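*Asks:*
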């Protein structure tokens, strides 16, 4: 089972909710701002992700999504 | 899993959104965005036909902008008519689900008689009431469900916030629940239950306005709030609705209070 976290940078408004709610500390703030001037999140340690999906559900702007592919191994 | 879901720059729920309008106009971290996201996730999870969901909103207030971002059939009305129109729409079209996103400005202050009538008639509508403690966008106009978050007790005449679940239950609602911004997954299940309930459903979501309550003691920025809700909110299903007042320095009782289908 592999996890993918996709962040749509151009939709982010920099509220940092996803970074704060993550219990496994997977996400971090990206230093590079998007075209609107907000700093979007970036993936720090993907292997810690527990696929709770809170970041996806709490994002007010549909900018982050967590996908889980079952039955496939990335390596 | 479908391969098309992994297209770069796309979200799985994009079919239900007006993607050109996103990011939304709401403040960064506003609770309305979270509730809209939850609603969309619930609709996607339920796998119901999006053609059968109609949004009704009135022209003013921040929640009136919800239909700009959702790719659903929407009806935009002038201020005082949202609930009455929605009740009629649902009565004339038995196949559709009517959903209203409301806040103080277009619900408590001006629509309360229609609300009670809709409850009495058991109109088949879902009211998602986002309680942001703001009336008519300015703090100068005191809201009927005024804030419990102010530091000092208000000197105005209206001091206690309005108890929406109690009003909804006494009007005869079939489903009444209250959640906060933090209980987002429980809110999603509530929206699913409300959409599948044949009757009048009311869901209150506590999400104080960011602009005016950022500097108050118990509110703060969204991130601090989510932490505060962990401590201050307490889940009590089937709690008698007269105990559900929102007061300063007291816990927020959340949960599902009425569900006539399950009782």
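Chains as they are written, first to last, in our numbering: chain A, 56 to 130; chain B, 327 to 589.
Ideal placement from N, C-alpha and C gives every residue a C-beta, glycine not left out.
Since the model is a prediction, treat every value here as computed from it, not as a measurement.
What number of angstroms, rounded off, separates the C-alpha of residue 387/B from the C-alpha of residue 431/B?
*Replies:* One C-alpha to the other measures close to 6 Å.
*Asks:* Which chain A residues sit within Cβ distance under 8 Å of residue 352/B?
*Replies:* Within chain A, the residues near residue 352/B are 115.
*Asks:* At a Cβ threshold of 8 Å, is residue 537/B touching chain A?
*Replies:* It does not; no Cβ of chain A falls within 8 Å.
*Asks:* Please list the segments of the beta strand (DSSP E) lying wholly inside the region 435 to 465 of chain B, counting only runs of 3 or more residues, in order along the chain.
*Replies:* Runs found: 451 to 457.
*Asks:* With DSSP as the reference, identify every bridge partner of residue 427/B, one or two as the case may be.
*Replies:* In the DSSP output, where bridge partners are listed per residue, residue 427/B has 454/B.
*Asks:* By Cβ distance below 6 Å, which residues in the same chain neighbour residue 72/A in space, the five residues on each side in sequence not counted?
*Replies:* Same-chain partners within the cutoff: 113.
*Asks:* What would DSSP say about residue 345/B, mapped onto helix, strand or coil?
*Replies:* Residue state, collapsed to three classes: helix.
*Asks:* Restricting to runs no shorter than 4 residues, where is the alpha helix (DSSP H) found entirely within the region 349 to 396 of chain B?
*Replies:* Here the runs fully enclosed are 357 to 372.
*Asks:* Buried or exposed: which applies to residue 530/B, given that a residue is buried once 16 or more other Cβ atoms fall within 10 Å of its Cβ?
*Replies:* It counts as buried.
*Asks:* Could you pull out every unbroken beta strand (DSSP E) segment of at least 3 residues lying fully inside the region 511 to 574 of chain B, listed in chain order?
*Replies:* Within the region 511 to 574 of chain B, the complete beta strand (DSSP E) runs of at least 3 residues are 527 to 532, 559 to 561.
*Asks:* Going along chain A, which residues have a C-beta under 8 Å from residue 389/B?
*Replies:* The contacting residues do not exist; residue 389/B stays about 13 Å from chain A at best.
*Asks:* I'd like to know if residue 511/B contacts chain A, where contact means its C-beta is closer than 8 Å to some C-beta of that chain.
*Replies:* Yes, its Cβ sits closer than 8 Å to a Cβ of chain A.
*Asks:* Please name the residue, chosen from 433/B, 421/B, 365/B, 413/B, that lies closest to residue 397/B on a Cα-to-Cα basis.
*Replies:* Selected option, being the one with the closest Cα: 365/B.
*Asks:* Within a Cβ cutoff of 7 Å, which residues of the same chain sit near residue 492/B, ignoring the five residues on either side of it in sequence?
*Replies:* Once the five neighbours on either side are set aside, the close Cβ partners of residue 492/B are 567, 568, 570.
*Asks:* Identify, in the order they occur along the chain, each residue of the same chain with its Cβ nearer than 6 Å to the Cβ of residue 339/B, setting aside the five sequence neighbours on each side.
*Replies:* Only 366, 370 meet the Cβ criterion.
*Asks:* Would you report the Cα separation of residue 344/B and residue 63/A, rounded to the nearest angstrom?
*Replies:* In a straight line, the C-alpha of residue 344/B is about 15 Å away from that of residue 63/A.
*Asks:* Would DSSP call residue 114/A helix, strand or coil?
*Replies:* Three-state DSSP puts residue 114/A in coil, outside helix and strand.
*Asks:* The alpha helix (DSSP H) spanning residue 96/A covers which residue range?
*Replies:* Not the alpha helix (DSSP H): residue 96/A falls in the beta strand (DSSP E), residues 96 to 98.
*Asks:* Using only the alpha-carbon positions, how far apart do residue 510/B and residue 110/A sit?
*Replies:* Taking the straight line from one Cα to the other gives about 11 Å.
*Asks:* Name, please, each residue of chain B whose Cβ falls closer than 9 Å to the Cβ of residue 70/A.
*Replies:* Near residue 70/A (Cβ distances below 9 Å), the residues of chain B are 353, 354, 355, 356, 359, 547, 548, 549.
*Asks:* Hey, could you find the ends of the beta strand (DSSP E) residue 83/A is sitting in?
*Replies:* Counting along the chain, the beta strand (DSSP E) containing residue 83/A begins and ends at 82 to 84.
*Asks:* When the Cα atoms are used, what is the spatial distance from residue 484/B to residue 532/B?
*Replies:* Reliability fails at residue 484/B, whose pLDDT of 49 lies under 50, so the model's placement of it is uncertain and no value is given.
*Asks:* Per the contact definition of three or more C-beta pairs closer than 8 Å, is the region 580 to 588 of chain B in contact with the region 506 to 525 of chain B?
*Replies:* With a cut-off of 8 Å, the region 580 to 588 of chain B and the region 506 to 525 of chain B count as touching, because enough Cβ pairs lie within range.
*Asks:* According to DSSP, what are the bridge partners of residue 503/B?
*Replies:* Residue 503/B is bridged to 529/B, 582/B.
*Asks:* Along the chain, where does the beta strand (DSSP E) that runs through residue 123/A open and close?
*Replies:* Run containing residue 123/A: 119 to 124, per the beta strand (DSSP E) assignment.
*Asks:* Residues in the region 361 to 379 of chain B with C-beta within 7 Å of chain A's C-beta atoms, listed in sequence order?
*Replies:* Within the region 361 to 379 of chain B, the residues whose Cβ lies closer than 7 Å to some Cβ of chain A are 363, 364, 367, listed in chain order.
*Asks:* Output yes or no for whether 8 Å exceeds the beta carbon distance between residue 77/A and residue 116/A.
*Replies:* No, the Cβ-Cβ distance between residue 77/A and residue 116/A is not below 8 Å.
*Asks:* The alpha helix (DSSP H) spanning residue 496/B covers which residue range?
*Replies:* Its alpha helix (DSSP H) spans residues 490 to 497.
*Asks:* Name, please, each residue of chain B whose Cβ falls closer than 8 Å to the Cβ of residue 56/A.
*Replies:* Near residue 56/A there are no residues of chain B at all, since even the closest Cβ is about 11 Å away, more than 8 Å.
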